[in-house]
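Engineer: Quick one: structure below, then a few questions.
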Amino acid sequence: MAVLTRGADALPGSALDFRTGDWRDQRPIHRHRPAPCHHACPAGEDPQAYIARLDEGNPRAAWEALIAANPLPAITGRVCHHPCEDDCNRGQFDQAIAIHEIERFLGDAAIREDWPYPVPELADDAPEVAVVGAGPAGLSAAYHLRRLGHRVALYDRYGEAGGMLALAIPGYRLPRAVREAEIDRLLATGIDFHRHQVLGRDVYLDDLGRRHGAVFLAPGCHRPREWSVDGARPDDARDGLGLLKEWLNVGVTPAPGKRVVVQGGGNTGVDIARVLRFSGAGEVHLVTASALPDDESAPPEDRMSAIPREVAQARDEGVIIHPHHTLTRLILREGRVVGVEIAALRKLDGDDGHRRRVAFEGTETVIAADEVVPAIGEIVDPLGIEALIGRERYLRADAWGRLAEALGVFAGGDALGQAGTVTAAIGDGHRAAEAIARHIRHEPESVLGGGEPVAFDDLNRHYFDRAPRQKATVLPVAERDGTTEIERGLGHERVAAEARRCFSCGDCLACDNCWTLCPDLAVLKTRAATADGGSYVFDYDYCKGCGLCAEECPSGYIAMIEEPTAT
Amino acid sequence: MKTATEGSQAIAQAVTMCRPQVVAAYPITPQTHIVERIAKLVADGQAACEMVSVESEFSAASVVLGAAAAGSRAYTATASQGVLLMSEVLYNIAGLRLPLVLTCANRAVGAPINIWNDHQDSMAVRDAGWVQIYCTDNQDAVDTTIQAFRVAERLELPVMVCVDGFILTHLFEAIDLPTQAEVDGFLPPYRFSRALDPASPRTLGTLVTPAYFAETRHALDAAHGRALGEIAGAADAWSAISGRESAGPLRVVGDEQARIGVLTLGSVFGTLLEARDEMPELGPLRLMALRVFRPFPVEALKAACAGLSDLVVLERALSPGGGAIVGTEVRAALSEMATPPRVHAFAAGLGGRDIPLSLLPRLVAAAGAETPTRFAIIDVDLDKLAPEDR
Amino acid sequence: MIEVRIHGRGGQGNVVAAYLLAAAVIRGGYHAQAFPAFGAERRGAPVVAFVRCRERPILRRSAVERPNFAIVQDPALLRLDATLAGLRDDGALLLNAGREAAWNGTSAAARWVGLPATAIAEETIGRPIPNTPLLAAFLTLTGLVPLDALTAVIDERFDAAKAAANRRAVAEAAARVDEGAWADLIHEKQADRVRETTGQGR
Amino acid sequence: MPTATPTATELRRHQPRFVGLDSGHRACQGCGEALAARLVTEAIGPDAIIANATGCLEVFTTPWPNSAWRLPWIHSVFENVAAVAAGVEAALKVQGRATKVVAFAGDGGTFDIGFQALSGMIERGHDVLYVCFDNEAYMNTGIQRSSSTPHAASTTTSPVGRMREGKRHLKKDVLAIVAAHHLPYAATATVAYPRDLEAKVRRAVTTEGPTFLQVHSPCPLGWGHDGALTIAVARLAVETGFFPVIEIERGRVTAVLPIREKKPVVDYFRLQTRFRHLLGDDPQAVEERAHLQALADHNIETYGLMAAHSSPRDTVGLATVHRGGTGGGIA
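Chains as they are written, first to last, in the working numbering: chain H, 2 to 568; chain G, 413 to 802; chain A, 163 to 364; chain U, 132 to 462.
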């Protein structure tokens, strides 16, 4: 029993004996939720996480957080169409964070500083996996398998790794040096790379299956689609990808002085058109059934799939684009093209629910041309996997890359005929690697998905000030030669400034708001990484559950949950 | 060495000799001469204290409260309405157990407004928890003021020194003022055990629930129980230094044989003493001055009344509807005696009405009455009242 | 017991006069007390102060009802009944007569003395403050205590210059009255006890 | 890699801030006054003595034997805190100690019952920082109107009825009255802008002589809003111009907290039941809304509260957060 003090005086801080936590009917918790950028990334990157490390002044930790998902940031930072930026919450506030610039900066830094990929020592009895195809999907799978402690045998039909990165992406977008440096560093993690190995000619699937715990197929798409306009086809027709490969690897100048029409609004089409300009083509037209990337009037799925800034650059370079048009007729003289007839076109909903392409009679126009180059995509070369692909154009696999037809055989990348982007392929490789690891350890399959991303309205925007997005400098049109990189990236300063703009959606910004605003001093600051990864802990002995901290958390990282009845 | 001086000046001298560090006051008749004098001594550099001239008695009490809590010896003085304006803070000071000394230049309380002497003001706060000492003359006022600081600081209880307004505060006569050395030897520097200090950050003035409030009140009452001993001790110690008689809680003058006693408070005691000397025909009398009213000195009172058949209590205040204040308490205390004297309770000298020597015979006569007077204002003139008001 | 009542006007230093007299008397070996008639009077209003003295200590705190002496600082106050009320038939009155014709006494006091105190003050002190000359005259007439008791008190109370001026006033006033003219009243009063204490004749 | 997280008890000892008001106090959930007092004492630092008037703050921090204070603290009565503080200051002055004296009171203890003592304290030039936690009514006794209660706000003694739309009178401009004492520094602040508040406290405690701070402190109970919205409500009071945040030195306005994006007063009212009756379409409600909007606009005009362009210390810039926060070294 307390003994009364003279004058009923009390000792400092003695109220700590009184636990106001008993008053609570709800409690704050730190709840990490995927940032929209994380949610949107086909490669499974968590930009919010690595931007946070960078903002903390630790670029290497940022790079390591980044390559935990994507081992090729220097490459994707340049060639990815970054859907992360489309979904960035900051886009609704002022402008999205230039995530691809940060990714590229980190990738380049790793190459410059030669930061090693963190991979474990290989155990003598490490399981071995065969990976067919050294494109983005194959490289990603190989790397992640290696990270998970597997021996990897990587096969490719070409002399160098990279797949489409090496074959079809011009140097002005992805300099050869960057591509080679990053891929070589990746292979150097201890991946056995077997060059010039064509599946079905030098190596055989059943044989690989026998010798390895699992096989990952990422053959890509190398056979051009059948192409004709109304059944007509010039005798000297060249397919777009082939032309691009030729120009990139053999250096053939495809069309000096010619007037060329390119068909197809994907990245390949745009690159072909630009390459033709760089190699001196007189006039280059690009005909696409889609709308321009910046055409707000058209639904996103109707817009050109090429990266918007690439399209813009192409037009700067003089490529004439005919959106919402299609080739209706080839004008041939002795089997050679002298012109094409194009007509306006729209994609409309058909009775069967499918969208159909409708060319409108009376809108026909003729363009004089010396050559028509189709860039309408490619399909899988079935050599060596005939049994798996049958009559199909592509392989069919589930989200983990598993093929229904063959246990222990997985697939990913363009060969699945889906998004057909570099980052999607890297994501395929990553997921398949994890699935393969579980397959080898006979573990049950796990489920995908990281929960709902943080919405714009989940943020307390009072705590953010407007700040413009950093823009990279671009090589002037006059100085572009087809090999010199056009985009120059952001320097350290401007990348840091960009990182500071991040809302840190769904993660702790360590801004001190909760610590500063708790009327009950029930939020304590700590240096030691907490169980939930935050910089603060809630002292439930005193927290009354008012919810002020959650309300004022700028990044939506604090949630109020009903107080558990039993503790 | 005796100095001819005014009561207020003497009290001011005594106060400054006690080296208060903070003095706060608001002017009110008849207290003004005391604080004016202290202000002048400060202005002349003869007293090293912070003189805070506040905007009300309420703040005066509050300022000295804060100063005492912060570890400084503090003093204030007031009267009449000023005491009542302070009253909330006076309770608070006692409840916080802060040692303070306050001089009350006793004055009537309006309405009707009246600047002259009686004891209604200090009596109105008799339950505030303060020690209350009523001085019989200015020498007593000087000696008591000095002792009050020691008593207050030892007990951590506030002390109110009551001095009759005008009658003493404005009375010019010869007084024995101590030397600074004598006072310093008697009164050690103020050390407050619970002072506000960042080095040991205490919380003063907490909220106390029913679970402990009764205990706080018991503790306050118990402190008053110990106060009588402290007061006597201080009086003896001071007497040893001053050479003057040690004034106990009760001053008793008169012979053992006396059957009639007269008890009063304050300056009227001297008048009664002279009246007794001038009128031997009144027979043996025992005259008492109740110096310490809080704590109420029951035992001393009982002892002083031994052998009395009648005790007349003469006071300068009343509780309308209740009658005597001191008289009632005396009656209650004496009822503990085996053969208590009859108690006759009177008020007189209200609002400055003169109490002449000739009042004594009337008091003695009253003592002989058939039935004791429970209470009456002995010098009231009913002819001055409308019949319905008599 | 000797009781003196000093009459003046608020602001004339009436209370000071009482305190000075008491201080001087104490210095002369008597017990004394002085006090004003406590009132709410303001500057200019008639005021009174009292002085009591005797050889034995004075304990009473009661009012002075029947003074032996009245000292009146302003002749105009004589128009008020209160000014001479209670003054003993065998008492005496000291009057600041001013420059003009002296006042023709009344039955109120058996004896009276007039003194142009204001004029003396103006000459000696340079200000019309009649109290010092009046006190000097009172002590000279009664011989209650020697004059130097008063001058000593004056020296205590005032700075050198003021004190010197007041001393001149004391000397001037003393020279204007008959020394010991009221001495008999003092002895008489010392002997007489009964009337005083029983308050007969009120 | 998550290392072992230290226990809360260990962490409390190593927080990188001074704690003047600790946990375990019994304020309501989301109490604006508790937060304000916490922030103010943190900014004052350890070398101070606090005098506290009667009120919620006093009651919920010191139910014996528990005290939530870590600074020397004294409570006397309701209306005398300024005088008690003055007494403490006088004592320290004589003792030659430099410890800062601070007075805490609510709006009742400041605008109303304690005003005389406050005026006297300032007039006498005591070196005291007086902090008024303004929650615009007598909350401790159950939400009765004070002279700080805004016009038309509903309280138990200014209720809404057929004949009345809440408080009939205006909020007293106590800052102007205080400023009329010509004191060195007087300012308003709010819990919605902690950095501004702390800066003003530091400014005040380092100023010699009397200083005055009026801190707008929402009361979830008395204003009728969710405790989680305490900051949101306080922020709107500023963004609408309803509560101007200004600094006055020697009677002259020397600085204001500019509003970047002005909000209509109804945005402020919507969050609080004390103004609920003003949201209807009945003529009185419409008129009172217009009246209150006019009052807010008048504040904005009088003090020039609209930010010309985005200034780093306007209602947006001042609240901007960054990774790593403001809390200095981490425990």
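Backbone N, C-alpha and C fix where the C-beta goes; we use that ideal spot for every residue, glycine too.
Since we're looking at a predicted model, the values are computed, not measured.
Any Cβ of chain U within less than 8 Å of the Cβ of D609 of chain G?
Structural biologist: Indexing the second sequence from 1 puts residue 609 of chain G at position 197. Yes, because at least one Cβ of chain U sits closer than 8 Å to the Cβ of D609 of chain G.
Engineer: For W401 of chain H, I'd like the list of residues in its chain whose CB is within less than 7 Å of its CB, leaving aside the five on either flank, ordered along the chain.
Structural biologist: Counted from its first residue, the first sequence places residue 401 of chain H at position 400. Same-chain partners within the cutoff: R432, A433, A436 and E446.
Engineer: Among H:L389, H:F457 and H:A75, whose alpha-carbon lies nearest the alpha-carbon of E488 of chain H?
Structural biologist: As a position in the first sequence, residue 488 of chain H is number 487, starting the count at 1. Per the Cα distances, H:A75.
Engineer: Name, in chain order, the residues that DSSP records as bridge partners for R28 of chain H.
Structural biologist: Working through the first sequence from its first residue, we reach residue 28 of chain H at position 27. In the DSSP output, where bridge partners are listed per residue, R28 of chain H has H:I562.
Engineer: How would you call L242 of chain H, buried or exposed, if buried means at least 16 neighbouring beta carbons within 10 angstroms?
Structural biologist: Start at 1 with the first residue of the first sequence, and residue 242 of chain H comes out as number 241. L242 of chain H should be labelled buried.
Engineer: Could you tell me the boundaries of the beta strand (DSSP E) in which N183 of chain U lies?
Structural biologist: The sequence position of residue 183 of chain U within the fourth sequence is 52, counting from 1. Here the beta strand (DSSP E) through N183 of chain U covers A179 to N183.
Engineer: Name, going along the chain, the residues of the segment 205-216 of chain U whose beta-carbon falls closer than 9 Å to a beta-carbon of chain G.
Structural biologist: Answer set for the segment 205-216 of chain U: I205, H206, S207, V208, F209, E210, N211, V212, A213, A214, V215 and A216.
Engineer: Quick check on the DSSP output: what are the complete alpha helix (DSSP H) runs of length 4 or more inside the segment 277-354 of chain H, in order along the chain?
Structural biologist: Those alpha helix (DSSP H) runs which fall completely within the segment 277-354 of chain H and span 4+ residues are 309-317.
Engineer: Report the rounded CA-to-CA distance for I343 of chain H versus D231 of chain H, giving the unit in angstroms.
Structural biologist: One-based indexing of the first sequence puts residue 343 of chain H at position 342. One-based indexing of the first sequence puts residue 231 of chain H at position 230. Going by the C-alpha atoms only, they are around 12 Å apart.
Engineer: Give me, in chain order, the residues of the same chain whose beta-carbon lies closer than 6 Å to that of L200 of chain H; leave out the 5 immediate sequence neighbours on both sides.
Structural biologist: Counting from one through the first sequence, the residue named residue 200 of chain H turns up at place 199. Closer than 6 Å at the Cβ level, and outside the excluded window around L200 of chain H, lie V133 and G385.
Engineer: Quick check: the segment 735-742 of chain G against the segment 753-766 of chain G, are there 3 or more CB pairs under 8 Å?
Structural biologist: As far as the Cβ criterion goes, the segment 735-742 of chain G touches the segment 753-766 of chain G, which means the pair count is three or higher.
Engineer: If I measure Cβ to Cβ from Y156 of chain H and keep anything under 6 Å in the same chain, skipping five residues before and after, which residues do I get?
Structural biologist: Your numbering for residue 156 of chain H matches position 155 in the first sequence. If we look at Y156 of chain H and ignore the five residues flanking it on each side, its Cβ neighbours are V133, H195, Q198 and V204.
Engineer: Please report the distance separating the alpha-carbon of R347 of chain H from that of F217 of chain H.
Structural biologist: As a working mapping, residue 347 of chain H is identified with position 346 in the first sequence. As a working mapping, residue 217 of chain H is identified with position 216 in the first sequence. If I take the Cα positions, the gap works out to 39 Å.
Engineer: With 16 other CB atoms within 10 Å as the buried threshold, where does D47 of chain H fall?
Structural biologist: Position 46 of the first sequence, counted from the start, is the residue given in the question as residue 47 of chain H. Classification for D47 of chain H: buried.
Engineer: Under the three-state reduction of DSSP, which class applies to T488 of chain G: helix, strand or coil?
Structural biologist: The sequence position of residue 488 of chain G within the second sequence is 76, counting from 1. Looking at T488 of chain G - three-state DSSP - the assignment turns out to be strand.
Engineer: Return the CA-CA distance between F465 of chain H and H347 of chain U, expressed in angstroms with no decimal places.
Structural biologist: What you label residue 465 of chain H is simply residue 464 of the first sequence in a count that begins at 1. What you label residue 347 of chain U is simply residue 216 of the fourth sequence in a count that begins at 1. In a straight line, the C-alpha of F465 of chain H is about 23 Å away from that of H347 of chain U.
Engineer: What are the uninterrupted segments assigned as alpha helix (DSSP H) that are 4 or more residues long and contained completely in the segment 159-229 of chain U, given in chain order?
Structural biologist: The qualifying runs are 163-175, 187-192 and 212-226.
Engineer: Could you tell me how far apart the beta carbons of A779 of chain G and V724 of chain G are, in whole angstroms, since I believe they sit closer than 8 Å?
Structural biologist: As a first step, residue 779 of chain G is located in the second sequence; it is residue number 367 there, counting from the start. As a first step, residue 724 of chain G is located in the second sequence; it is residue number 312 there, counting from the start. Confirmed, Cβ separation roughly 5 Å.
Engineer: In whole angstroms, what separates the C-alpha of A184 of chain U from that of A214 of chain U?
Structural biologist: Taking the fourth sequence and counting its residues from 1, one reaches residue 184 of chain U at position 53. Taking the fourth sequence and counting its residues from 1, one reaches residue 214 of chain U at position 83. The straight-line gap from Cα to Cα measures roughly 10 Å.
Engineer: Within 10 angstroms of its Cβ, does Q458 of chain G collect 16 or more other Cβ (buried), or is it exposed?
Structural biologist: Within the second sequence, residue 458 of chain G is the residue found at index 46, counting from 1. Exposed, by the Cβ-count rule.
Engineer: Based on Cα-Cα distance, which residue from H:D125, H:G58 and H:G221 lies nearest to G163 of chain H?
Structural biologist: Working through the first sequence from its first residue, we reach residue 163 of chain H at position 162. The candidate whose alpha carbon is nearest that of G163 of chain H is H:G221.
Engineer: In terms of DSSP beta bridges, what is A480 of chain G paired with?
Structural biologist: The count along the second sequence starts at 1 and reaches residue 480 of chain G at position 68. For A480 of chain G, which the question treats as bridged, DSSP gives no partner whatsoever.
Engineer: Compute the Euclidean distance between the alpha carbons of K587 of chain H and T484 of chain H, then round it to the nearest angstrom.
Structural biologist: This structure gives no information on residue 587 of chain H, because the portion of chain H shown stretches from 2 to 568.
Engineer: Using DSSP with H/G/I as helix, E/B as strand and the rest coil, what is Q275 of chain U?
Structural biologist: Against the fourth sequence, residue 275 of chain U aligns to sequence position 144. Residue state, collapsed to three classes: strand.
Engineer: Based on Cα-Cα distance, which residue from G:A536, G:G655, G:A491 and G:L694 lies nearest to V674 of chain G?
Structural biologist: One-based indexing of the second sequence puts residue 674 of chain G at position 262. Measuring from the Cα of V674 of chain G, the nearest candidate turns out to be G:L694.
Engineer: Just to confirm my understanding: we take G160 of chain H, look at its own chain, exclude 5 residues before and 5 after, and list those with CB closer than 8 Å. What are they?
Structural biologist: By one-based count along the first sequence, residue 160 of chain H stands at place 159. Only R196 and H197 meet the Cβ criterion.
Engineer: Start and end of the beta strand (DSSP E) containing E418 of chain G?
Structural biologist: As a position in the second sequence, residue 418 of chain G is number 6, starting the count at 1. Residues K414 to E418.
Engineer: Could you work out which residues of chain A lie near A586 of chain G, taking near to mean beta carbons separated by less than 8 Å?
Structural biologist: Residue 586 of chain G sits at position 174 when you count from the first residue of the second sequence. In chain order: I188, H193 and A194.
Engineer: Near T280 of chain A, which residues of its chain fall below 7 Å by C-beta distance, leaving aside the five closest residues on each side in sequence?
Structural biologist: Position 118 of the third sequence, counted from the start, is the residue given in the question as residue 280 of chain A. Once the five neighbours on either side are set aside, the close Cβ partners of T280 of chain A are N258, G260, P290 and P292.
Engineer: I'd like the list of long-range same chain contacts for I562 of chain H, defined as Cβ closer than 7 Å, with 5 residues on each side in sequence excluded.
Structural biologist: Translated into the one-based positions of the first sequence, residue 562 of chain H becomes position 561. Excluding residues within five positions, the ones whose Cβ falls inside 7 Å are Q27, R28 and I30.
Engineer: Count the other CB atoms within 10 Å of the CB of Q559 of chain G; is the residue buried (16 or more) or exposed (fewer)?
Structural biologist: Residue numbering aside, residue 559 of chain G sits at position 147 when the second sequence is read from its first letter. When all chains shown are included, Q559 of chain G counts as buried.
Engineer: Identify the contact partners of F197 of chain A in chain G, using a Cβ-Cβ distance below 7 Å as the criterion.
Structural biologist: Counting from 1 along the third sequence, the entry for residue 197 of chain A is found at position 35. Residues of chain G passing the Cβ test: H582, L583 and F584.
Engineer: With DSSP run on the structure shown, which of helix, strand or coil describes Q235 of chain A?
Structural biologist: In the third sequence, residue 235 of chain A corresponds to position 73, counting from 1. Q235 of chain A falls in the coil class under three-state DSSP.
Engineer: Taking the alpha-carbon positions, what's the D429 of chain H to V455 of chain H distance?
Structural biologist: For the purposes of this step, residue 429 of chain H is taken as the residue at position 428 of the first sequence. For the purposes of this step, residue 455 of chain H is taken as the residue at position 454 of the first sequence. So the two alpha carbons sit approximately 24 Å from each other.
Engineer: Tell me which same chain residues have a C-beta within less than 8 Å of the C-beta of K298 of chain U, skipping the five on either side of it?
Structural biologist: Here residue 298 of chain U refers to the residue found at position 167 when the fourth sequence is read from its first residue. The residues are R276, T280, P281, H282, A283, A284, S285, T286 and S289.
Engineer: Between the Cα of P84 of chain H and the Cα atoms of H:E114, H:G45, H:W64 and H:E65, which residue gives the shortest distance?
Structural biologist: Stepping through the first sequence from its first residue, residue 84 of chain H is reached at position 83. Ranking H:E114, H:G45, H:W64 and H:E65 by Cα distance to P84 of chain H puts H:G45 first.
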